[in-house]
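Each residue of the sequence shown is one higher than the one before, starting from 61 at the first, in the numbering used here. We put the beta carbon where it would ideally sit given N, CA and C, even for glycine. These notes are about the structure you will find just below.
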Amino acid sequence: MGPSSRADLARYTGVSRGTVGGIVQPLLDKRILVEGEVVPPNQAGGKPATKLWFSKDAKPICAVLLMHDHVRTCLVSLDGAVYAQSTEKFPKDLNDPHEAFQIISRSVQKTATSVDMPILGIGVAVAGMINTEAGSIMSMSLAPFFNNFPIETELAKEFEVPVCVDKDDRALLVGDRWFGKGRGRGNFAVVYTGEVLGAALYIDGHLHRGPSGAGGEIGHTIVQLNGSRCKCGRSGCWETIATLRWLRDEALARGLPQPASLDTRRLIILADQGVEGAAELLQEYAFNLSVGLANLQQLMAPNYIILHGDVAQGGERMLQLIEARFRELILSRPGDDVSLVLGDSEDVAALRGAAGLVLSELLNFPL
Ligand SMILES: [Zn+2]
Numbered sequence: 061m062g063p064s065s066r067a068d069l070a071r072y073t074g075v076s077r078g079t080v081g082g083i084v085q086p087l088l089d090k091r092i093l094v095e096g097e098v099v100p101p102n103q104a105g106g107k108p109a110t111k112l113w114f115s116k117d118a119k120p121i122c123a124v125l126l127m128h129d130h131v132r133t134c135l136v137s138l139d140g141a142v143y144a145q146s147t148e149k150f151p152k153d154l155n156d157p158h159e160a161f162q163i164i165s166r167s168v169q170k171t172a173t174s175v176d177m178p179i180l181g182i183g184v185a186v187a188g189m190i191n192t193e194a195g196s197i198m199s200m201s202l203a204p205f206f207n208n209f210p211i212e213t214e215l216a217k218e219f220e221v222p223v224c225v226d227k228d229d230r231a232l233l234v235g236d237r238w239f240g241k242g243r244g245r246g247n248f249a250v251v252y253t254g255e256v257l258g259a260a261l262y263i264d265g266h267l268h269r270g271p272s273g274a275g276g277e278i279g280h281t282i283v284q285l286n287g288s289r290c291k292c293g294r295s296g297c298w299e300t301i302a303t304l305r306w307l308r309d310e311a312l313a314r315g316l317p318q319p320a321s322l323d324t325r326r327l328i329i330l331a332d333q334g335v336e337g338a339a340e341l342l343q344e345y346a347f348n349l350s351v352g353l354a355n356l357q358q359l360m361a362p363n364y365i366i367l368h369g370d371v372a373q374g375g376e377r378m379l380q381l382i383e384a385r386f387r388e389l390i391l392s393r394p395g396d397d398v399s400l401v402l403g404d405s406e407d408v409a410a411l412r413g414a415a416g417l418v419l420s421e422l423l424n425f426p427l
């Protein structure tokens, strides 16, 4: 939902206007929400309605994106603007979680104090497995020192504000839910592509996490019996045929230029230049991606899938290639409207989502 009147909110949430008023008033008092544009009464009569939305002057949320080798922090205003961004790289020989936490904490401190007001809370998106009940990192590939680190408790102790932690793919979904193309939808999915594949689902008005946040490991669903070995130790996972690692290995084997840094955007350029093998590799990559997307659609029917990451860098051209194959692979049901769309390709989508986790918590808005 975007800016909405009290009546809209009552309709959407299924509670009375009086209840909505009771929830909204304290948020107006705290300047988290403001009243905006007045909508004239409709032809059927009724009172003019005032639309409510987040105040530009409200305290910001500090968003953190934690990767295996660096941490990004920024502030996010309640209307989704991202500012005061900062990135800290971890030293190559880092293997102590407390040392890593000091770097994260310093980065949060620097970002949080870059404005002259306190922050509302800290939202953390982690590129790893998360225990959402405990707010801890279960495991992060390439950064095993973080295993079982209670990041939520540690940040809450240090900064004394509400802290919310989730997996990066789910943060992307929350960002799209609050600030992007998922706004106002009861069902949608987000799929991240690139070095890894991840997904998050919003089904029947709720974010699906699974017990302790175990859901969303779509990259490790098996799409090839007797397929190649995956880094998870199994064989034939979707990740083995639809990530940048596959693309780069194939580019090397097929003699394409600079295979080690190949991505969708450059592959499209090579295909357009008529470089031998590029157009075929592009088609194959698009097909391999469409297989997992079709499996997701068949199983959960999100009907609206927002693509992030490397694929989004390929723009409409890549989307069309994937979509053509995707439509061949899904069962069509008369009257169904199934769409694949591109999300924001930058990391700001995940940062906004990390902030959205806190926002949902503060507004008591169940995700
Ligand atoms: Zn795997």
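| Just checking, does the segment 147-156 make contact with the segment 108-116 on the three C-beta pairs under 8 angstroms criterion? | no
| field | Where the alpha helix (DSSP H) through S165 begins and ends | value | Against the sequence shown, residue 165 aligns to sequence position 105. S165 -> alpha helix (DSSP H) spans P157 to A172.
| Residue from G258, E388, G375 and P63 whose Cα sits closest to the Cα of V186 | Start at 1 with the first residue of the sequence shown, and residue 186 comes out as number 126. The residue with the shortest Cα to Cα distance from V186 is G258.
| Cα-Cα separation, E336 to C290 | Here residue 336 is taken as the residue at index 276 of the sequence shown, counted from 1. Here residue 290 is taken as the residue at index 230 of the sequence shown, counted from 1. Answer to the nearest angstrom: the Cα atoms are 28 angstroms apart.
| message | Helix, strand or coil, according to DSSP, for F248 in the structure here? | response | The count along the sequence shown starts at 1 and reaches residue 248 at position 188. Looking at F248 - three-state DSSP - the assignment turns out to be strand.
| field | Nearest neighbour of G275, chosen from V401, V418 and G188 [CA to CA] | value | On the sequence shown, residue 275 is found 215 positions in, with the first residue counted as 1. The alpha carbon of G275 has as its nearest neighbour, out of V401, V418 and G188, the alpha carbon of G188.
| task | Mind checking who M189 pairs with in its DSSP beta bridge? | result | Counting from one through the sequence shown, the residue named residue 189 turns up at place 129. M189 pairs with S199.
| message | Which residues does DSSP list as the beta-bridge partners of K227? | response | Position 167 of the sequence shown holds residue 227. Paired residue(s): V186.
| Below 8 angstroms between beta carbons: does that hold for V124 and V168? | Looking up residue 124 in the sequence shown gives position 64. Looking up residue 168 in the sequence shown gives position 108. Closer than 8 angstroms, so yes.
| Cβ of C290 within 7 angstroms of any heavy atom in ligand 1? | Position 230 of the sequence shown holds residue 290. Under cutoff, so the answer is yes.
| task | Could you check the C-alpha separation between D332 and R387 for me, to the nearest Å? | result | Here residue 332 corresponds to residue number 272 of the sequence shown, with the count starting at 1. Here residue 387 corresponds to residue number 327 of the sequence shown, with the count starting at 1. When rounded, the distance between both Cα atoms is 24 angstroms.
| For ligand 1, any of its heavy atoms closer than 7 angstroms to the Cβ of R294? | To locate residue 294, count along the sequence shown from 1; it is residue 234. At least one heavy atom of ligand 1 lies closer than 7 angstroms to the C-beta of R294.
| field | Touch test, the segment 194-201 against the segment 316-333, Cβ-Cβ under 8 angstroms, three pairs minimum | value | no
| query | Closest Cβ-Cβ distance between A361 and chain D: below 8 angstroms? | reply | In the structure shown, chain D cannot be found, because there is only a single protein chain.
| So, helix, strand or coil for T253, using DSSP? | As a working note, residue 253 is residue 193 in the sequence shown. It is a strand residue.
| said: Looking at the strands, I want to know which residues DSSP matches up with L267. | reply: Your numbering for residue 267 matches position 207 in the sequence shown. Looking at the DSSP assignment, L267 forms a beta bridge with Y262.
| said: In this structure, how does DSSP classify H368 when only helix, strand and coil are distinguished? | reply: Against the sequence shown, residue 368 aligns to sequence position 308. H368 falls in the strand class under three-state DSSP.
| message | Going by C-alpha to C-alpha distance, which of E255, R77, D129 and A339 sits closest to D156? | response | Walking along the sequence shown from the start, residue 156 turns up at place 96. Nearest of E255, R77, D129 and A339 to D156, Cα basis: D129.
| task | Please say whether L307 and R132 have beta carbons closer to each other than 8 angstroms? | result | Position 72 of the sequence shown, counting from 1, holds the residue named residue 132. Position 247 of the sequence shown, counting from 1, holds the residue named residue 307. Their beta carbons are not under 8 angstroms apart, which means R132 does not touch L307 by this criterion.
| Nearest-angstrom Cα separation, counted from L389 out to V283 | Residue numbering aside, residue 283 sits at position 223 when the sequence shown is read from its first letter. Residue numbering aside, residue 389 sits at position 329 when the sequence shown is read from its first letter. Here the alpha carbons of L389 and V283 stand approximately 13 angstroms from one another.
| field | Own chain residues within Cβ distance below 8 angstroms of G240, not counting five before or after | value | Taking the first residue of the sequence shown as 1, we reach residue 240 at position 180. Contacts found: I366, G403, D404, A409 and R412.
| Beta carbon of N348, beta carbon of T281: below 8 angstroms? | Here the question's residue 348 lines up with position 288 in the sequence shown. Here the question's residue 281 lines up with position 221 in the sequence shown. Against a cut-off of 8 angstroms, the Cβ pair of T281 and N348 comes out as no contact.
| Near S420, what residues of its chain come up, given a Cβ to Cβ distance below 6 angstroms and the 5 sequence neighbours on each side ignored? | The residue given as residue 420 occupies position 360 in the sequence shown. In its chain, beyond the 5 residues on either side, L427 have a beta carbon closer than 6 angstroms to the beta carbon of S420.
| query | Between Q380, N363, D68 and L87, which lies nearest to G246 when the distance is taken from Cα to Cα? | reply | Mapped onto the sequence shown, residue 246 falls at position 186. G246 has its Cα closest to that of N363, out of Q380, N363, D68 and L87.
| message | My output table needs one value for H472: the three-state DSSP class, helix, strand or coil. | response | With the chain covering 61 to 427 only, the question about residue 472 has no answer from this structure.
| query | Taking the alpha helix (DSSP H) that V84 falls in, what are its first and last residues? | reply | Reading the sequence shown from its first residue, position 24 is the one you call residue 84. Its alpha helix (DSSP H) spans residues R77 to D89.
| field | 3 or more residues per run - each beta strand (DSSP E) lying fully within the segment 304-381 | value | 364-369
| What did DSSP end up calling G413 once you bin it into helix, strand or coil? | For this step, residue 413 is matched to residue 353 along the sequence shown. Looking at G413 - three-state DSSP - the assignment turns out to be helix.
| What do you reckon, is the C-beta of C297 under 7 angstroms from a heavy atom of ligand 1? | Here residue 297 refers to the residue found at position 237 when the sequence shown is read from its first residue. Because some heavy atom of ligand 1 lies under 7 angstroms away, the Cβ of C297 counts as near it: yes.
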